[in-house]
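Below is one structure; the comments refer to it alone.
Number of protein chains: 2
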Amino acid sequence: MPRVTVATERKVTDLLKRQTLSVTESRKRILQLFLDQPGALSHGDIEKKAGEVFDRVTIYRTLQTFVDRGLIHTIPSADNAVRYALCKDECGDGHHRHEHIHFVCTQCEQTFCLDEVVTPVIRLPKGYSTDQIEILVQGKCKQCTAAMRR
Amino acid sequence: MPRVTVATERKVTDLLKRQTLSVTESRKRILQLFLDQPGALSHGDIEKKAGEVFDRVTIYRTLQTFVDRGLIHTIPSADNAVRYALCKDECGDGHHRHEHIHFVCTQCEQTFCLDEVVTPVIRLPKGYSTDQIEILVQGKCKQCTAAMRR
DNA sequence: CCGAAATAGCAACATAGTTGCAAAAATCTC
DNA sequence: GAGATTTTTGCAACTATGTTGCTATTTCGG
Ligand SMILES: [Mn+2]
Ligand SMILES: [Mn+2]
Ligand SMILES: [Zn+2]
Ligand SMILES: [Zn+2]
């Protein structure tokens, strides 16, 4: 279990307060988990890392609250396990704006937001209108590729 | 329940035999459901339409068999409900090749394969490699847009 | 039509997600 | 900082989704 320093404790508290959310142990811990690592987390991942401390239902509700407030966003998947990642843009209460793609590594099984890669414009046939575009790329991530070469 | 004509009965039987699959009632019925309508189907959709006749487990296993043989492919989603659609390209035993995007209508809630829209090339940062690209567009479909104008 | 092989159905189980309600805690007010 | 108020949590109970082992049934080649 990674030691929660005073500095990071402060950071999550500030993040929560900025969204006018009550600062509770479970919210701090779950937000901390997202800050501690670069990938996305599924409900199951979080339950494994903090499930002994908090109830499953609390985790579901906390994730939903974070999504509603624009702290995290969902990432669709082909394996029936929606993942969540921190919003880095100017998402807020009730609105998300994401223009980046998502990358799923077949080796380490992690999902990453590639903020540098902007989603291209997709030209649809006549009659269709676009609200939102989600792009999922599957392949081998930077870290795993580097590890292979060694 | 749509009447299964001799002609369509023949068609599904042929499709199954082409994949060297035994021709069974459940396989015929489920394949029929895909042919009867333009959208994608989730396990739940199929269970509603044929669940009284066939066991849930049979539906799961049939869908898996169809995916393995390249008869249908999966479509990821943001709502934890993977959908399935017929493969129109030259997919076969153990290999799928799809270059089309998927469209989710926010109004009729249907998911469609837009075979005409080719997935663009996505340029990833150094170190990442691409196996597969999945593009999900959310918006209003042709039929729903047309219905609105009336 | 017969026998071998494949498939279907059933039961039991595992995992995922939801809801109502009372207890606990966080926040507000003074 | 105590007490009132609001919010959040934990628990129980429930629904939905997906998996596995085993046996009965069906399919299919000969
Ligand atoms: Mn993202
Ligand atoms: Mn498709
Ligand atoms: Zn990786
Ligand atoms: Zn529609």
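Residue numbers (this note's numbering), protein chains in the order written: chain S, 184 to 333; chain Z, 184 to 333.
For each residue, glycine too, the CB sits at the ideal point set by N, CA and C.
Quick check on DSSP: helix, strand or coil for residue i?
| i | result |
| --- | --- |
| CYS296 of chain S | strand |
| MET184 of chain Z | Note that MET184 of chain Z has pLDDT 46, beneath the 50 cutoff, so the model's placement of it is unreliable and no number is given. |
| ASP314 of chain S | strand |
| ALA233 of chain Z | helix |
| ARG266 of chain S | strand |
| ALA329 of chain Z | helix |
| LYS211 of chain S | helix |
Residues of chain S with CB closer than 8 angstroms to the CB of residue i, please, in chain order.
| i | result |
| --- | --- |
| GLY322 of chain Z | LEU307, TYR311, SER312, THR313, ASP314 and GLN315 |
| ILE284 of chain Z | ILE305 |
| LEU297 of chain Z | LEU307, PRO308 and TYR311 |
Check whether chain S comes within 7 angstroms of residue i, counting only Cβ atoms and requiring the distance to be less than that.
| i | result |
| --- | --- |
| ILE318 of chain Z | yes |
| GLU349 of chain Z | Since the displayed chain Z opens at 184 and closes at 333, residue 349 of chain Z lies outside it and no answer follows. |
| LYS325 of chain Z | yes |
| ARG332 of chain Z | no |
| VAL236 of chain Z | no |
Kindly indicate if chain Z contains any beta-carbon less than 7 angstroms away from that of residue i.
| i | result |
| --- | --- |
| MET184 of chain S | Bear in mind that a pLDDT of 46 at MET184 of chain S, under 50, signals an unreliable position, so the number given afterwards is only what the model happens to contain. No, MET184 of chain S lies away from the interface with chain Z (no Cβ there is under 7 angstroms from its Cβ). |
| PRO221 of chain S | no |
| THR328 of chain S | yes |
| VAL287 of chain S | no |
| VAL265 of chain S | yes |
If I follow the unbroken alpha helix (DSSP H) through residue i, where does it start and stop?
| i | result |
| --- | --- |
| THR191 of chain Z | 189 to 201 |
| ARG239 of chain Z | 239 to 252 |
List the DSSP bridge partners of residue i.
| i | result |
| --- | --- |
| CYS288 of chain Z | Z:GLY322 |
| VAL304 of chain Z | DSSP, once it has assigned bridges, lists no residue as partnering VAL304 of chain Z. |
| LEU204 of chain Z | Paired residue(s): none; LEU204 of chain Z is not in a bridge. |
| LEU224 of chain S | S:TYR267 |
| ILE258 of chain S | S:ARG266 |
| HIS283 of chain S | S:VAL301 |
| GLY275 of chain Z | Z:HIS278 |
Strictly below 7 angstroms CB to CB, what residues from chain S border residue i?
| i | result |
| --- | --- |
| SER260 of chain Z | PRO259 |
Cβ closer than 8 angstroms: which chain Z residues qualify as neighbours of residue i?
| i | result |
| --- | --- |
| VAL250 of chain S | Here the premise fails: no neighbours, minimum Cβ distance about 11 angstroms. |
| VAL300 of chain S | ILE305, ARG306, LEU307 and PRO308 |
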